[in-house]
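What follows is a set of notes on a single structure, which appears directly below.
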Amino acid sequence: MDLHLKDKVVIVSGGANGIGKAISIQLIEEKAIPILFDKDEAAGKRFVKQFPRSHFMEVDLNDSFACRKSVEKTEKKLGRIEGLVNNAGFNDAIGLEKGSPQKFTQSLNNNTAHYYSLAHYCLPFLKQSMGSIVNIASKVAITGQGNTSGYAAAKGAILSLTREWAVELLPSSIRVNAVLPAEVWTPLYESWLKSFPDPKEKKRQIESRIPLGNRMTTAEEIANMVVFLLSDRCSHVTGQWMSVDGGYVHLDRAI
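According to my numbering, the stretch in the sequence shown is residues 1217 to 1471, in order.
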């Protein structure tokens, strides 16, 4: 299926690693032009070398001024912005008991503020192109996880912002949707598993609770949904939360 994304300029925050990298690669496969906003200079340069159609900008996403300058630089260089994927974030384990108000606030800022900054600064250009926004949230916003109050609150806020922006941007025909990953196999996830005494057994236990195929979701499967939502093949879909998780959240665990 042609998603009609050829030559579309799409900013992907955290686009050089993990799920963001998979999204950037999928955009390349659809002949779009991904712009990687990432602080990992080495990974960003490797990506651009492998995929010359892409562009990389080293950005401290916690700096709203840096976000603004990078968005403006993108538009000046390529003449347009037609999509935004807010993806960057990390589970920092700032819990209620083992945390502090200061760390909680910092976690919210690290995982939410740049979503707003990038959307705000991209908006004038997205209005011109009637583009689309996809926010990456997490199943933690729906299920809870324990010991990660900051991350859970941030991802819950992202779900709320998805619907708030979808309403606000209706007059501009800008669609806003969210994708909720659950257990996704990435290098970061693999590193986390290695913190357990028996990583293979821990992985087996997790996968046994995933109904469809008893396996983890791949980053590519998340990317497929994100890119589909960006495309005009989803022209009447907005304000939606799409779970790509093999039924992990919504199907009966007794299956």
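Even glycine gets a Cβ: it sits at the ideal position worked out from N, Cα and C. Just so it is clear, the structure is predicted and the values come from calculations on it, not from any experiment.
Asked	Found
Where Asp1218 sits in the DSSP three-state scheme	coil
Rounded separation between Asp1254 and Asp1276 - CA only	7 angstroms
Endpoints, alpha helix (DSSP H) assigned at Asn1325	First-last for Asn1325: undefined, no H or E at that position.
C-beta contact flag for Val1395 and Ile1422 at 9 angstroms	no
Glu1313, buried or exposed, once every other Cβ within 10 Å from all chains shown has been counted against 16	exposed
Thr1328 vs Val1465 beta-carbon contact at 9 angstroms	no
Beta-bridge pairing of Gly1299 - partner residues as DSSP gives them	Val1226, Ser1348
C-alpha gap between Leu1428 and Gly1295, whole angstroms	43 angstroms
Three-state class that DSSP yields for Phe1306 in the structure shown	coil
Of the listed residues Ile1349, Trp1401, Val1400, nearest to Thr1378 (C-alpha basis)	Ile1349
Spatial distance of Met1346 from Ser1389 (CA atoms)	6 angstroms
Environment of Phe1263 [buried if 16+ CB atoms lie within 10 Å]	buried
Residue from Leu1467, Ile1297, Ala1353 with nearest C-alpha to Met1458	Ala1353
Spatial distance of Ala1258 from Ile1426 (CA atoms)	34 angstroms
At least three beta-carbon pairs within less than 8 angstroms, the segment 1220-1238 to the segment 1284-1304	yes
9 angstroms Cβ cutoff, Arg1449 in contact with chain C	Reference to chain C is not applicable here, since this structure consists of a single protein chain.
Close-in-space but distant-in-sequence residues of the same chain around Glu1245 (CB under 8 angstroms, 5 per side omitted)	none
Whole runs of the beta strand (DSSP E) within the segment 1326-1392, excluding any shorter than 3 residues	1348-1352
Same chain, Cβ closer than 8 angstroms to Asp1461, neighbours up to 5 away in sequence not counted	Lys1355, Leu1396, Pro1397, Ala1398, Glu1399, Ile1426, Thr1433
Alpha carbon of Pro1268 to alpha carbon of Gly1362, nearest angstrom	42 angstroms
Where Arg1420 falls, given that 16 or more other Cβ within 10 Å makes a residue buried	exposed
Which of helix, strand or coil DSSP assigns to Val1453	coil
Assigned exposure category for Phe1272 - 16 Cβ within 10 Å defines buried	buried
Presumed contact (8 angstroms Cβ cut-off) between Cys1338 and Val1287, rounded CB distance	6 angstroms
DSSP three-state assignment for Phe1444, whether helix, strand or coil	helix
Residue interval of the beta strand (DSSP E) (run including Phe1272)	1271-1274
For Pro1268, the first and last residue of its enclosing alpha helix (DSSP H)	Unbroken run through Pro1268: none, as it is neither H nor E.
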